[in-house]
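A.B. asks:
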Amino acid sequence: MERKLIIAANWKMNKGPAETVEFIEAFLPGAEELSEKCDIVIAPPYVSIPAAAALLADSVVALSSQNVSDQDAGAFTGEVSTGMLNEVGARYVILGHSERRAIYGESDQFINAKVQKVLAAGIRPIFCIGETLEERESGKLEEVLRTQVSGGLADLTVEHMTDVVVAYEPVWAIGTGVTATPDQAQEAHAFVRTLIEEQFGKEVAATTRIQYGGSVKSGNSAELMAQRDIDGALVGGASLEAVSFRDLIANAVA
Ligand code: 13P
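Sequential numbering of the sequence shown, starting at 365, is according to this note's numbering.
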């Protein structure tokens with residue numbers, strides 16, 4: 365089953381509107397050719413999304429936010445709704461990132477509410493899962509991934525799943541420079557695919573794209589993407605510089 369690669373830049377809390385414009389102007393040349401083999405997504409901070417949208421409107425690059433509210437409107441200080449994201453042209457939302465889970469205490473149930481909200485708004489969730497080093501070393505890898513997948517994707521339909529991208533990001537590989545080996549990543553991805561199969565059946569499992577995240581860079585993107593069950597990347601640090609992010613994608617599709 366052919367699954368098109370999807371590589372997304374998660375800028376985290378980096379780049380205001382000015383730096384966003386600078387990046388996109390440098391990144392866009394050549395992006396069209398790369399997009400034949402790979403969907404490209406950029407997730408700036410909320411305030412930079414309108415500046416990015418103005419430049420990306422007729423481009424091959426899709427816009428994402430890094431979070432969203434589980435509510436529609438009202439007294440929720442500091443929150444942003446799916447309606448607002450639709451208005452500014454965000455097509456994806458990153459949900460369940462380990463930083464949201466660990467620093468802001470987001471639970472599987474809360475993440476699930478957001479996943480459902482996003483799907484109802486016609487936006488695509490990039491749903492993140494992954495274990496800590498302690499969980500991996502104490503033999504809990506499968507249990508953790510099972511809980512995150514069943515909780516985060518609870519009550520979704522097979523139709524919903526066509527819009528869902530899963531991102532496996534081992535917490536110990538995020539921002540550390542330590543990447544999972546291609547074998548380690550492949551093994552976890554294959555397991556995640558079996559979890560999706562248990563929950564949604566063979567066809568959904570065969571077509572759902574699973575990104576790897578955690579210290580992906582231009583030097584390792586090719587061997588990671590060559591793995592059977594790795595269908596893209598969610599990139600933090602190495603997505604902050606336009607030319608090296610383009611190289612990362614170019615190596616991945618080569
Ligand atoms: P790094 O690529 O900086 O390790 O970050 C990965 C990540 O968390 C992407 O969401």
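Quick reminder that beta carbons are idealized off the backbone N, C-alpha and C, glycines included. Values in this document were obtained by computation on a predicted structure and should not be read as measured data.
1. If you draw a straight line from the C-alpha of N431 to the C-alpha of I458, how long is it?
2. Could you check whether the segment 519 to 534 touches the segment 472 to 482, counting it as contact only if at least three pairs of C-beta atoms, one from each stretch, sit closer than 8 Å?
3. Output needed for D593: all residues of its chain with C-beta closer than 7 Å, excluding positions within five of it in sequence on either side, in chain order.
4. Below 8 Å, can you find three or more Cβ-Cβ pairs linking the segment 432 to 444 to the segment 380 to 398?
5. On the premise that A614 lies in contact with A597, defined as a C-beta separation below 8 Å, what is that separation, rounded to the nearest angstrom?
6. Got a sec, what are the start and stop residues for the alpha helix (DSSP H) G577 sits in?
7. Near the ligand 13P, which residues have their beta-carbon closer than 6 Å to a heavy atom?
8. Taking D669 as part of the alpha helix (DSSP H), name the residues at either end of that continuous run.
9. When DSSP labels each residue in this structure, what does E586 get in the three-state scheme?
10. Quick one: grab the DSSP three-state call for P414.
11. Once DSSP output is grouped into helix, strand and coil, what is the label at D472?
12. Report the rounded CA-to-CA distance for T571 versus E366, giving the unit in angstroms.
13. Under 6 Å Cβ to Cβ from I475, same chain only, skipping five residues before and after it: list those, please.
14. Given that a residue counts as buried once 16 or more other Cβ atoms are within 10 Å of its Cβ, and exposed if not, what is Y468?
15. Assuming L559 contacts R510 (C-beta within less than 8 Å), just tell me the rounded distance between them.
16. For Y456, which of I413, E498, L419 and A439 has the nearest alpha-carbon?
17. Spatial neighbours of A416 within its chain, please: C-beta separation below 7 Å, excluding the five flanking residues on both sides.
18. Using the DSSP secondary-structure output, state which residues sit across from V425 in a beta bridge.
C.D. replies: Considering the structure as presented:
1. 6 Å
2. yes
3. Q550, H553, A554, R557 and I574
4. no
5. No, A597 and A614 are not in contact; Cβ-Cβ is about 13 Å, not under 8 Å.
6. Taken as a continuous stretch (DSSP letters only), G577 belongs to no alpha helix (DSSP H), being part of the beta strand (DSSP E) at R573 to G577.
7. N374, H461, E533, I538, G539, G577, G578, S579, V580, L598, V599, G600, G601 and A602
8. Because the chain in this structure spans residues 365 to 618, residue 669 falls outside the shown range and cannot be described.
9. Looking at the sequence provided, one finds Ala at residue 586 rather than Glu. Reduced to three states, the DSSP call for A586 is helix.
10. helix
11. helix
12. 8 Å
13. L459, G460 and G516
14. exposed
15. 6 Å
16. I413
17. T384, I388, I406, P408 and L427
18. I404
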